[in-house]
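Below: the structure, in structure tokens.
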Amino acid sequence: MDARAHSSDLPETVGPYRIVGRLGMGGMGVVYAGVDASGTRAAVKLIHPAHTGDDEFVARFAREVGVLRRVGGLCTAKVLGSDIGSGTPWVATEYVPGPTLERRAQDDGPLSGDELYGVAAGLGEALTAMHAAGVVHRAPGLPFNPAQILLDPLRN
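Counting in my numbering, the sequence shown runs from 3 upward without gaps.
Pasting the structure below:
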């Protein structure tokens, strides 16, 4: 996993996941790299501790998890588990090991040719799956921008 090294400020476990590093931080919380007992890798998102007592914030997070569970498709990360009622609510999704589309463009310049067509087809499939689940891609908690789009190892 492309995660920062484990340090004492990381939780050891979240639900069934052993935390092995931090992947990033956003407006709602922190995303960690986790591995369960069977070796399944996951991106585990916890809300910021400052918000755990905020019922409205926790309800918004619960709605986001519900939305994520409804989305299918080949080009979206599936929800593996969640616990909204825990002391610190969390959700785990499939881990996507590739860079963000934003990072790819910064590192290698504009997409072109087959890579451009592959990413465009994947984005189209993901948006179709989201819309089929009744999700509007501009909904709170579900931004649609290059920093939020993860590419798989094949750059799709």
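Using N, Cα and C, we set each Cβ at its ideal position, and we do this for glycine too. Values in this document were obtained by computation on a predicted structure and should not be read as measured data.
Just how far apart, CA to CA, sit residue i and residue j?
| i | j | result |
| --- | --- | --- |
| R43 | A134 | 27 Å |
| V22 | H50 | 18 Å |
| D56 | D116 | 46 Å |
| H53 | V81 | 22 Å |
| D154 | A45 | 14 Å |
| V69 | V137 | 7 Å |
| V33 | L25 | 5 Å |
| R72 | E96 | 15 Å |
| D11 | V98 | 24 Å |
Residue i lies in the alpha helix (DSSP H); which residues open and close that run?
| i | result |
| --- | --- |
| T130 | G115 to A134 |
| G68 | D57 to R72 |
| A35 | Taken as a continuous stretch (DSSP letters only), A35 belongs to no alpha helix (DSSP H), being part of the beta strand (DSSP E) at G31 to V37. |
| D110 | L103 to D110 |
How would you write the range of the beta strand (DSSP E) that residue i sits in, first residue to last?
| i | result |
| --- | --- |
| A94 | W92 to E96 |
| A44 | R43 to I49 |
| L1 | Within the shown structure, residues of the chain are numbered from 3 to 158, placing residue 1 beyond reach of any answer. |
| D85 | V81 to D85 |
So, is residue i buried or exposed, given that buried needs 16 or more other C-beta atoms within 10 angstroms?
| i | result |
| --- | --- |
| S84 | buried |
| A128 | buried |
| M132 | buried |
| G41 | exposed |
| E14 | exposed |
| L118 | exposed |
| T78 | buried |
| P112 | exposed |
Could you give the C-beta distance for residue i and residue j, rounded to a whole number, given that I count them as a contact under 8 Å?
| i | j | result |
| --- | --- | --- |
| G17 | A94 | 7 Å |
Can you name, in chain order, every residue of its own chain whose Cβ lies under 7 Å from the Cβ of residue i, other than the five neighbours on each side?
| i | result |
| --- | --- |
| L76 | E127 |
| A61 | none |
| Y19 | G36, V37, D38, A44, V46 and A94 |
Could you pull out every residue in the same chain whose Cβ sits closer than 8 Å to the Cβ of residue i, ignoring the five residues on either side in sequence?
| i | result |
| --- | --- |
| T102 | P148, A149, Q150, I151, L152 and L153 |
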